[in-house]
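Enquirer: The letter at position 742 of the sequence shown is residue 2157 when you use the numbering used here, and the numbering goes up by one with no holes.
A virtual CB, placed ideally from N, CA and C, is assigned to each residue, including glycine.
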Amino acid sequence: MNTARTLLAALIFASSLGAAAVVRAQPIEEGPIEEGPIEEGPVDEGPIDEGPIDEGPIDEGPIDEGPIDEGPVDEGPIEEGPVDEPDDPKQTDPQKAEPEIVPPELVELVEAVYPEKAEAEGIEGVVVLEIDIDAEGKVEAARVLEPAGYGFDEAALVAVRQFRFEPATVDGEPIPVRITYRYGFQLAEEVKEPVEGPEGGPEEGPEAPGVVNFKGRALERGTRDPLIGVLVIVFRGEGEEAYGFEATTDEDGAFEFRDLEPGDWKILIEPSGYYPFRTSEGVAEGELTEVVYFVEKGSYNPFDVLVEGTRPRKEVNRRTLEVAEIEKIPGNFGDPIKVVQNLPGVARAPFGGGEIIVRGSSPEDTKVYVDGIEVPLIYHFGGLRSVVPAGMLQSIDFYPGNFSTYYGRSIGGVLDGDLKSLRPEAIHGYVDVNIYDSGVFLEAPIIDDLSIAVAARRSYIDYVLEAVIPEDAPINLITAPRYYDYQTQINWSPAEAHNLRLFVFGSNDLLRILFENPKDLDVNLQSGDASFETDFVRAILTHTWTPSADYKNTAQVAFGRDVIETSLGDQFYFNLYNNQFSIRDESAWIATPDMTLVAGLDTQISWTDVSIELPRPPKEGDSSFNEDITDTVALEVDGAVTVAPAAYFNLELKATEDLLFIPGFRVDYIDRIGELTYDPRLTARYAMTDQWTLKGGVGLFHQEPPPDETTEGFGNPDLKPEEAIHYSLGAEYVPRDYPALLIDSTLFYKDMRDLVSRTTELGEDGEEEVYNNGGRGRGYGLELLVRHKFANRFFGWVTYTLSRAERLDFGENAWRLFDFDQTHILTVIGSYQLPKNWEIGMRWRLVSGNPFTPIVGGAYNVDLDEYEPITGAVNSARLEPFHQLDLRVDKRWIYDTWTFNAYLDIQNTYNRPNAEGTEYSFDYRDSRPQQGLPILPIIGVRAEF
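1) So what does DSSP say about D2136, is it helix, strand or coil?
2) Please return the same chain residues whose Cβ sits closer than 6 Å to the Cβ of P2150, not counting the five positions on each side in sequence.
3) If we call anything under 8 Å between Cβ atoms a contact, is L1544 one with Y1596?
4) Determine the DSSP secondary structure at T2125, reduced to helix, strand or coil.
5) Excluding the 5 residues preceding and the 5 following A1657 in the sequence, name in chain order all residues of the same chain whose CB lies nearer than 8 Å to its CB.
6) Any idea which residues DSSP pairs E1789 with across the strands?
7) Judging by CA-CA distance, which residue of L1865, A1556, F1947 is the nearest neighbour of N2207?
8) Got a sec? Which residues, its chain only, sit under 6 Å from V2052 by beta carbon, not counting five neighbours each side?
9) At the level of alpha carbons, what is the spacing between Y1814 and F2233?
10) In three-state DSSP terms, what is R1747?
11) Short check: CB of I1648 to CB of L1602, under 8 Å?
12) Judging by CA-CA distance, which residue of L2261, E2283, V2262 is the nearest neighbour of F2337?
13) Kindly indicate the opening and closing residues of the beta strand (DSSP E) around K2204.
14) Do A2229 and F2267 have their beta-carbon atoms positioned less than 8 Å apart in this structure?
15) Taking the straight line between their C-alpha atoms, what separation do you get for I1463 and W1907?
16) With distances taken from CA atoms, which of T1584, A1583, G1599 is nearest V1542?
17) Between which residues of its own chain and S2342 is the CB-CB distance below 6 Å, once the five residues before and five after are set aside?
18) Between G2273 and E2281, what straight-line distance do the alpha-carbon atoms span, to the nearest angstrom?
19) Is the CB-CB distance between T2364 and Y2084 below 8 Å?
20) Can you give me the start and stop residues for the alpha helix (DSSP H) that V1627 sits inside?
21) Are L1642 and V1710 close, meaning C-beta to C-beta below 8 Å?
22) When you compare each of K1532, D1847, T1903, R2081 to R1873 by their alpha carbons, which one comes out closest?
23) Given this structure, state the Cα-to-Cα distance separating S1714 from D2301, to the nearest angstrom.
24) Might you give, ordered along the chain, the residues of its own chain that have their beta carbon closer than 6 Å to the beta carbon of G1697, omitting 5 neighbours on each side?
25) Which residue from V1790, P1909, F2360 puts its Cα closest to that of N2316?
26) To which residues does DSSP link M2103 through a beta bridge?
27) Along the chain, where does the alpha helix (DSSP H) that runs through L2279 open and close?
28) Could you tell me whether the Cβ atoms of N2187 and N2131 are closer together than 8 Å?
29) Please classify M2167 as buried or exposed, where buried requires at least 16 other C-beta atoms within 10 Å of its C-beta.
30) Take D1965 and list the residues in its own chain whose beta-carbon comes closer than 6 Å to its own, dropping the five residues that flank it on each side.
31) Can you tell me which of the three DSSP states D2234 falls into?
32) Where does V1720 fall in DSSP's three states?
33) Buried or exposed: which applies to A1841, given that a residue is buried once 16 or more other Cβ atoms fall within 10 Å of its Cβ?
34) Using only the alpha-carbon positions, how far apart do E1454 and Q2248 sit?
35) Give the secondary structure of F1920 by DSSP, where H, G and I count as helix, E and B as strand, and everything else as coil.
36) Rounding to the nearest angstrom, what Cα-Cα distance links I1867 and V1645 in this structure?
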């Protein structure tokens, strides 16, 4: 009987889904190096903050060491008094003196290759970078903080990676540090030599160039990326008789030597961050020797070099997860979107579900977007996989509350998948195979400024199940659970200020089951043939126009089709065919350095056909044991058209250098129920110090009720929008001496009003309303995030949420627990890179059990010849706490033109029998917990090229 109700619940849940000049590239300024407080004896001088040291243009070849203008050094305020001096200066305790800190000093500068396009157009730029320097003075990692575009970012990164420093020291001991560095690209004026020599005659011409007899390319082993600006040395002989020549690779990693003497030559390539490459080559008289060298990187972590700039934080809580970082978190099967369920404020979804439950809101209250366009679903069956693979995504933005007016139609949270910007210089991709599914991703350049990426994935668990289920089993999987998805992205920049991107993606899920004895499940079932299928496709065209540094316009047009077909024989069915058309346009204008105006339009148009014959869908708080499957509602809707326009406005105002206000306003029209909503919102951030930031927000949010609740004949067309007020207040702390660490805490309160609730009251027409807006809800608590960005081979985070989520149903006087109220949610995640390309990771979770409505007894129904349950108070009992350990081990092998990765991902490592629900005996006298996922090892391999 429980199985039948589960099938019906799946059917009913589906019904609730709505469906050129001499060029010099020069580092011009080294950023501030933050030193700890320096205390000389008993004199407290306070923190000494060394301001930016402006090193001026350094023109290196031919070496012209012009004056280096070391700009003013801002040592910050020195608090001198009162000074408590000892009676005898000789008695000063040397143990109380602070350590002597010496910043790193640049000793080997590498000049970047000026980007050809920027050179041709006479463009200059400055790239601000963050550089990690190890205790030997080598550059361990570099990332762009303030990008300049036009290829400057990539060129600066290549050069900076080859810098060498005199390491920073503390009391003479070398230490690793992180600094900020400004790399300037300037066009020097061409120096013209006199046409005539000093005697008045013609100048003697240059010697004719020699003949190239040895050339090649230096590429990164495994990825085939060109090594730009790398020194290639050829030499021969030993000791004092040794001699050789040097060449520097260009933007394609190419190098060449002229007129090398015949014979054997030794080759050395030793860029920073790579293993030294040594080999030997023979040069023959009158012949060209051509080679390709693959140089192995010291670490293949994608965050060693990060080209993308960091967006300034504006929201109270915007948690951005870079796909390259989170792809290997245990327990997520390499799926970046699933990682969102490990963030603070997000409740644990039951096994087999992909719900995103945020700060006490129902799962349907949180909207999911891809590239800013809303999508109907983000997970395949069972929540195992998302419908967009990692190769297509750059990052995941998650807003648990107080999100900007860009997003609407939601009172919960927002998840938005940002697409990766395609800039491939060669064909790259991967093939991933594991026990559940296989996927392929490929990206390639077509012509200059035009590139394409394609991907596809298909599960084969259906073949596995068909092979292992016995022929005499009471269940026959006509089509076992299977899914597939596909994606295509095309990027084109027809002009410098314009960019076009087309992204087409879709998915399909199918399950068909045949029960031999359906009446064993429920006496009212007439057929055991069950079918579930969902299918959707979206095509998103985005045009970005950036005519100046102060203005940007983004226009989007999207079309999609959603199909849901579910049935249980001919008795119950739900079929939905929805066409969705979306238009978005947003303009952002930096009016002054302290004020930015953002305005946009957001319109959705849909036309839908629906046919339904089902019991009414269960709602939050309902018990699945009290459903009468014979009480069905039939409905046919053909060509229903709805238009949902919206307009929004934001003002980003810097009241002071450290205080940012963002007031905003959004207006939505809900066509289905003919209602206008007005949502004022405000967020603020105050940087008290370089380490501490305060943040807060308050705003109003609306959403329309689900279609099944407002459709005449099935629900109540007179319902109003549901609304919520979000309040949040928090602080962020980044230690001065360890900026890789972030501590983020937030207090939140969510007041939900006009929630749809069941009712038996009669409306003005004398008919039962079925639903009204008499429900209330609230969610409040504390979120804590301690996050370690990738540094020193490690990344991870610890999150803890202490919360309470409650509901007040229509007609009731007492608040009750929300279905997904989880008082305590603790998640610990860590991943560490070992030598020789090994990586290990873990995830451990401890979560309060979900509330449930207990069954306190059973009553025998003579007519139906079965027991019916007697339920207790709604959500008055709670399941046992959930805890689970997941582990992952990765090993990567590096080959010349590709890499091979094998991984083992183990869920529920110590096989904890976690309860996901309760099963009862036929007469409801006895019960036992329904256990969730047992230990589950996932083995997979991945080849990247």
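Expert: Quick look at the numbers:
1) Numbered from its first residue, the sequence shown carries residue 2136 at position 721. In the sequence on display, residue 2136 carries Pro and not Asp. Reduced to three states, the DSSP call for P2136 is coil.
2) Along the sequence shown, read from residue 1 onward, the residue named residue 2150 stands at position 735. The residues are L2156.
3) As a first step, residue 1544 is located in the sequence shown; it is residue number 129 there, counting from the start. As a first step, residue 1596 is located in the sequence shown; it is residue number 181 there, counting from the start. Yes, these two residues count as a Cβ contact at 8 Å.
4) As a first step, residue 2125 must be located in the sequence shown, where it is residue number 710. Helix.
5) Looking up residue 1657 in the sequence shown gives position 242. Counting only Cβ-Cβ distances below 8 Å, and skipping sequence neighbours, we find F1650, R1651.
6) Stepping through the sequence shown from its first residue, residue 1789 is reached at position 374. Y1784.
7) For this step, residue 2207 is matched to residue 792 along the sequence shown. The option with the nearest alpha carbon to N2207 is A1556.
8) Mapped onto the sequence shown, residue 2052 falls at position 637. The beta carbon of V2052 is closer than 6 Å to those of V2025 in its chain, skipping five residues each way along the sequence.
9) As a working mapping, residue 1814 is identified with position 399 in the sequence shown. As a working mapping, residue 2233 is identified with position 818 in the sequence shown. Between the C-alpha atoms of Y1814 and F2233 there is a straight-line separation of about 21 Å.
10) Taking the first residue of the sequence shown as position 1, residue 1747 is located at position 332. A small fix is needed here, since residue 1747 is Asn in this sequence, not Arg. Note: N1747 maps to coil in three-state DSSP.
11) Translated into positions along the sequence shown, residue 1648 becomes position 233. Translated into positions along the sequence shown, residue 1602 becomes position 187. Inclusion of I1648 and L1602 in the CB contact set at 8 Å is not warranted, their separation being larger than that value.
12) As a position in the sequence shown, residue 2337 is number 922, starting the count at 1. Scanning L2261, E2283, V2262 for the CA closest to the CA of F2337 turns up E2283.
13) As a first step, residue 2204 must be located in the sequence shown, where it is residue number 789. Residues 2183-2206.
14) Here residue 2267 corresponds to residue number 852 of the sequence shown, with the count starting at 1. Here residue 2229 corresponds to residue number 814 of the sequence shown, with the count starting at 1. No, the pair does not count as a contact, with Cβ atoms beyond the cut-off.
15) Taking the first residue of the sequence shown as position 1, residue 1463 is located at position 48. Taking the first residue of the sequence shown as position 1, residue 1907 is located at position 492. Its pLDDT being 36, under 50, I1463 is placed unreliably in this model, and the value from its coordinates should be taken loosely. The alpha-carbon separation between I1463 and W1907 amounts to approximately 49 Å.
16) Within the sequence shown, the letter at position 127 stands for residue 1542. Residue G1599 is the option with its Cα nearest to V1542.
17) What you label residue 2342 is simply residue 927 of the sequence shown in a count that begins at 1. Around S2342: T2333, Y2335.
18) For the purposes of this step, residue 2273 is taken as residue 858 along the sequence shown, with counting starting at 1. For the purposes of this step, residue 2281 is taken as residue 866 along the sequence shown, with counting starting at 1. When rounded, the distance between both Cα atoms is 10 Å.
19) A query on residue 2364 cannot be resolved here, the shown segment of the chain reaching from 1416 to 2360 and no further.
20) As a first step, residue 1627 is located in the sequence shown; it is residue number 212 there, counting from the start. Annotation: V1627 is outside any alpha helix (DSSP H); the continuous beta strand (DSSP E) that includes it extends over 1627-1635.
21) Locating residue 1642 in the sequence shown gives position 227, counting from the first residue. Locating residue 1710 in the sequence shown gives position 295, counting from the first residue. Their beta carbons are under 8 Å apart, which means L1642 touches V1710 by this criterion.
22) By 1-based counting over the sequence shown, the position of residue 1873 is 458. Among K1532, D1847, T1903, R2081, the Cα nearest to that of R1873 is on D1847.
23) Against the sequence shown, residue 1714 aligns to sequence position 299. Against the sequence shown, residue 2301 aligns to sequence position 886. So the alpha carbons of these two residues sit roughly 25 Å apart.
24) The sequence position of residue 1697 within the sequence shown is 282, counting from 1. Within the same chain, G1697 has close Cβ partners D1679.
25) Within the sequence shown, the letter at position 901 stands for residue 2316. Here the closest residue by C-alpha is F2360.
26) If you number the sequence shown from 1, residue 2103 lands on position 688. In the DSSP output, where bridge partners are listed per residue, M2103 has none listed.
27) Locating residue 2279 in the sequence shown gives position 864, where the first residue counts as 1. Looking at the DSSP string, L2279 is not in any alpha helix (DSSP H), and its letter there is neither H nor E.
28) Here residue 2187 is taken as the residue at index 772 of the sequence shown, counted from 1. Here residue 2131 is taken as the residue at index 716 of the sequence shown, counted from 1. Yes; because the gap between Cβ atoms is below 8 Å, this pair is in contact.
29) Within the sequence shown, residue 2167 is the residue found at index 752, counting from 1. Residue environment for M2167: buried (at least 16 other C-beta atoms within 10 angstroms of its C-beta).
30) For the purposes of this step, residue 1965 is taken as the residue at position 550 of the sequence shown. The residues are I2005.
31) The residue you call residue 2234 lines up with position 819 of the sequence shown. Judged by DSSP in its simplified three-state form, D2234 adopts coil rather than helix or strand.
32) Within the sequence shown, residue 1720 is the residue found at index 305, counting from 1. The predicted model places V1720 with a pLDDT of 37, which falls under 50 and marks its position as unreliable; any figure quoted below should be read in that light. Strand at V1720.
33) As a first step, residue 1841 is located in the sequence shown; it is residue number 426 there, counting from the start. Classification for A1841: exposed.
34) Position 39 of the sequence shown holds residue 1454. Position 833 of the sequence shown holds residue 2248. With a pLDDT of 37 at E1454, under the threshold of 50, the modelled position of this residue cannot be trusted, and the question is left open.
35) Residue 1920 sits at position 505 when you count from the first residue of the sequence shown. It is a strand residue.
36) Start at 1 with the first residue of the sequence shown, and residue 1867 comes out as number 452. Start at 1 with the first residue of the sequence shown, and residue 1645 comes out as number 230. So the alpha carbons of these two residues sit roughly 29 Å apart.
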